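A.B. asks: What follows is a single structure, and I will ask about it in a moment.
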Ligand code: GTR
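Dropping the structure here:
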């Protein structure tokens with residue numbers, strides 16, 4: 002049985018004041034682990050311009066985020082690409098946990114498909130690639146270094162895992178850009194982190210989750226491909242330890258992933274899959290966006306109705322607040338995906354002419 006998204010109260014007030022808070026707590030306790038409080042930490046940023054002229058005027062900088070507490074300090078870097086024609090424009094931040102991953106050799110390239118910086122900046126956005134695996138290594142033996150140490154996280158069944166840290170690290174980059182509109186994106190494990198970041202951080206204005214699959218956008222119950230048993234065996238450090246108790250016991254989990262998407266409402270959310278990625282399960286990602294749409298309806302935002310169908314390579318509900326596409330091909334993120342994401346972002350950030358006009362942005 003899929004857990005009830007609304008619990009006992011279905012109204013807007015009950016959702017905002019009780020249910021949403023309860024659901025976030027359940028995700029902390031059972032799935033991603035508890036996020037430590039930021040209050041006793043010191044967070045500093047340094048932005049250094051890199052003089053690497055690629056002939057297109059895009060300004061590249063390196064942002065170092067330093068986190069310290071209890072005489073301990075750690076830091077991670079983000080690559081920032083700014084179009085000087087649109088200073089102060091919206092930021093598209095990619096959560097990149099692949100920078101130390103040998104199976105993704107081009108993650109240091111300026112334009113690798115997961116994040117085509119040239120296209121994004123040409124359309125007037127500031128592209129920020131947060132190298133969150135410098136904050137928490139994607140390694141079951143080493144992830145408890147860095148932020149884990151500085152926050153003095155103690156091992157326990159609901160202590161946060163790497164996805165929790167990556168999501169939190171993205172929020173520390175948002176601290177630096179908090180006067181801008183922010184879209185957060187991520188591919189695969191980065192897509193899981195983007196959803197968790199947005200669910201917790203109200204400053205995220207829009208979310209792009211690319212092929213996030215198991216423990217990301219896809220429903221857990223009835224899922225094909227990767228299961229809780231697989232993900233907790235291969236990546237025991239991604240979620241909290243308690244999550245592994247639900248291996249082959251999915252029905253006992255008090256949440257399912259549509260509830261995570263619902264916690265992002267009413268902010269625009271785009272989920273995408275690829276047709277051959279049965280490990281992630283495109284159909285269970287689609288089911289999740291359809292079910293989460295009932296919470297968007299509370300805010301009178303157009304979601305995806307239950308009668309909707311997937312047409313390959315086409316955005317379902319392109320003018321709504323939750324959109325979805327299933328792109329032909331394997332588990333990857335390509336330029337064609339980004340073209341669809343960007344037209345969704347343009348609509349919501351009112352970038353109607355393809356390039357943003359200075360001064361038209363929200364200032365918080
Ligand atoms: C897979 C994992 C998926 C997905 C992917 C990735 O091996 O099973 O859950 O996150 O890695 O991040 O590339």
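Residue numbers (my numbering): 2 to 365.
Ideal Cβ positions, reconstructed from N, Cα and C, are used throughout, including at glycine.
On a predicted model such as this, the values are computed, not experimentally measured, just so you know.
1. Find the nearest neighbour of residue 96 within the set 84, 130, 111, judged by alpha-carbon distance.
2. Threshold first: 4 residues or longer. Then list the alpha helix (DSSP H) segments lying entirely within the region 163–241, N to C.
3. So what does DSSP say about residue 96, is it helix, strand or coil?
4. Excluding the 5 residues flanking residue 73 on each side, which residues of the same chain have their C-beta closer than 7 angstroms to its C-beta?
5. Of all Cβ atoms in chain B, is any one closer than 8 angstroms to the Cβ of residue 34?
6. Where does the unbroken alpha helix (DSSP H) through residue 342 begin, and where does it stop?
7. Using 7 angstroms as the cut-off, classify the Cβ of residue 164 as near or not near the heavy atoms of the ligand GTR, replying yes or no.
8. Would you mind reading off the limits of the alpha helix (DSSP H) that contains residue 122?
9. So what's residue 35 in DSSP terms, helix, strand or just coil?
10. Rank 252, 154, 227, 99 by C-alpha distance to the C-alpha of residue 194 and give the top, closest one.
11. Assign residue 262 to one of three DSSP states: helix, strand, or coil.
12. Consider the C-beta atom of residue 229 and the heavy atoms of the ligand GTR; say whether any pair is separated by less than 7 angstroms.
13. Measuring straight from C-alpha to C-alpha, what distance separates residue 45 and residue 171?
14. Just to confirm, does residue 328 get its C-beta within under 7 angstroms of one of the non-hydrogen atoms of the ligand GTR?
15. From residue 128 to residue 94, what does the alpha carbon distance come to, in whole angstroms?
16. Going by beta-carbon coordinates alone, are residue 274 and residue 286 separated by less than 8 angstroms?
17. Quick one: what does DSSP say residue 256 is sitting in, helix, strand or coil?
18. Alpha carbons only, please: which of 304, 40, 139, 307 is nearest the one belonging to residue 237?
19. Any heavy atom of the ligand GTR closer than 7 angstroms to the Cβ of residue 190?
20. For residue 361 and residue 80, I'd like the C-alpha separation in whole angstroms.
21. Could you check if residue 135 is buried or exposed, using at least 16 other CB atoms within 10 Å of its CB as the buried criterion?
22. Kindly list the residues whose CB is nearer than 7 angstroms to the CB of residue 159, restricted to its own chain and excluding five residues on each side of it in sequence; keep chain order.
23. Is residue 148 near residue 174, with beta carbons less than 8 angstroms apart?
24. What do you reckon, are the CB atoms on residue 78 and residue 43 nearer than 8 angstroms?
25. For residue 262 versus residue 221, is the C-beta distance shorter than 8 angstroms?
C.D. replies: Considering the structure as presented:
1. 130
2. 163–177, 190–201, 229–235
3. strand
4. 150, 151
5. In the structure shown, chain B cannot be found, because there is only a single protein chain.
6. 336–349
7. no
8. 118–123
9. strand
10. 99
11. helix
12. no
13. 14 angstroms
14. no
15. 6 angstroms
16. yes
17. coil
18. 139
19. yes
20. For residue 361, the predicted structure reports a pLDDT of 38, less than 50, and the residue's modelled location is therefore unreliable. The matter cannot be settled from this model.
21. buried
22. 29, 30, 34, 35, 241, 243
23. no
24. no
25. no
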